[in-house]
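Asker: Okay, handing you the structure first.
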Amino acid sequence: MIEILSRPMVDRARETGALVGDILQTLKHRSTVGTNLLDIDRWAKEMITGAGAQSCYVDYAPSFGRGPFGHYICTSVNDAVLHGRPHDYTLADGDLVTLDLAISKRGVAADAAISFLVGKARPAESVALIETTERALAAGIAAAEPGARVGDISHAIGTVLGEAGYPVNTEFGGHGIGSTMHQDPHVANTGRPGRGYTLRPGLLLALEPWVMADTATLVTDADGWTLRSATGCRTAHSEHTVAITDDGAEILTLPAHARP
């Protein structure tokens, strides 16, 4: 299903998106050396429920997971890149952490992810991974304008990732979002321009470039959820929910300090 939101629903999406951005930034600042992933999940629960919102993950049980997910946020560390299930792990200096959060409020969902390093260590490879996914996300957002095609977004993202030398996995990518978390169209992280669904105002997309340093192959943990690089290399993931407007793409999941 591809859902085109009314103006009142887009307004509600702005509220949900702002909440997602603010929660992620708060969790990033709280995630220091010695923080347990289960604490991050507990903090996410407190902030989501305290805002009168609902997690999109707790009861999430798609065909590719061993559902339900049962937690409030995805916490992926180092070689884990997607659907990281919170568990009893304490963050160490130099860990590369990805937090992926999707919530629904007043009937509209928003989804975003950030990758960052914990502590003082700044491994060059990890910094490059994070910066590349952020640049690819910015390129994808710039390509998301009314009248453009989904393939234009995929091509913009894939060009940045490919020029940086990273293999690109197309099993998981961006997606439509609205009254539910995952909708059509699928937005692959590489593709041909001029192909696919034509973007129109009222469409919400969650764009999410992610990469693994030296492979495009994923393996699944015994928990049935956490996806890791097949080689054990590090990974990164950046995501925003955007609304297609008459003027282009409006980022809905910016934190307070970055909102205009």
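No gaps in the numbering here: position 34 of the sequence shown is 34 in UniProt numbering, and each next residue is one more.
Every residue, glycine too, gets a C-beta built ideally from N, C-alpha and C.
The structure displayed is predicted, hence computed values, not measured ones.
Contact between the region 174 to 193 and the region 115 to 122: three or more CB pairs below 8 Å?
Answerer: The answer is no - the region 115 to 122 does not touch the region 174 to 193, with fewer than three Cβ pairs under 8 Å.
Asker: Could you compute how far the alpha carbon of E239 sits from the alpha carbon of S154?
Answerer: Against the sequence shown, residue 239 aligns to sequence position 239. Against the sequence shown, residue 154 aligns to sequence position 154. E239 and S154: Cα-Cα distance of roughly 14 Å.
Asker: Pair every Cβ in the region 11 to 19 with every Cβ in the region 212 to 221, then say whether three or more of these pairs are closer than 8 Å.
Answerer: Taking 8 Å as the limit for Cβ pairs, the verdict is that the region 212 to 221 does not touch the region 11 to 19.
Asker: Could you spell out the range, first to last residue, of the beta strand (DSSP E) harbouring L96?
Answerer: Stepping through the sequence shown from its first residue, residue 96 is reached at position 96. L96 -> beta strand (DSSP E) spans 96 to 105.
Asker: Nearest CA to the CA of G67: which residue from C74, D59, I73?
Answerer: Counting from one through the sequence shown, the residue named residue 67 turns up at place 67. When only C-alpha atoms are compared, the closest one is D59.
Asker: Out of I40, R106, P146, state which residue places its alpha-carbon closest to the alpha-carbon of T75.
Answerer: Taking the sequence shown and counting its residues from 1, the one referred to as residue 75 is at position 75. Selected option, being the one with the closest Cα: I40.
Asker: Counting only the same chain and skipping the five closest in sequence on each side, list residues whose C-beta sits under 8 Å from that of G194.
Answerer: Here residue 194 refers to the residue found at position 194 when the sequence shown is read from its first residue. Around G194: R149, G151, D152.
Asker: Are D95 and S229 touching if we call contact CB-CB under 8 Å?
Answerer: By one-based count along the sequence shown, residue 95 stands at place 95. By one-based count along the sequence shown, residue 229 stands at place 229. It is not a contact, given that the beta carbons lie outside the stated cut-off.
Asker: How about V81 and H237: do their beta carbons lie closer than 8 Å?
Answerer: As a first step, residue 81 is located in the sequence shown; it is residue number 81 there, counting from the start. As a first step, residue 237 is located in the sequence shown; it is residue number 237 there, counting from the start. Yes; because the gap between Cβ atoms is below 8 Å, this pair is in contact.
Asker: Have a look at G248, G21, P8, G165 and flag the residue whose alpha-carbon is nearest the alpha-carbon of L99.
Answerer: Against the sequence shown, residue 99 aligns to sequence position 99. L99 has its Cα closest to that of G21, out of G248, G21, P8, G165.
Asker: Relative to the C-alpha of T231, which residue among G224, W225, T217, E208 is closest?
Answerer: Counting from one through the sequence shown, the residue named residue 231 turns up at place 231. Of the candidates G224, W225, T217, E208, the one whose C-alpha sits nearest the C-alpha of T231 is T217.
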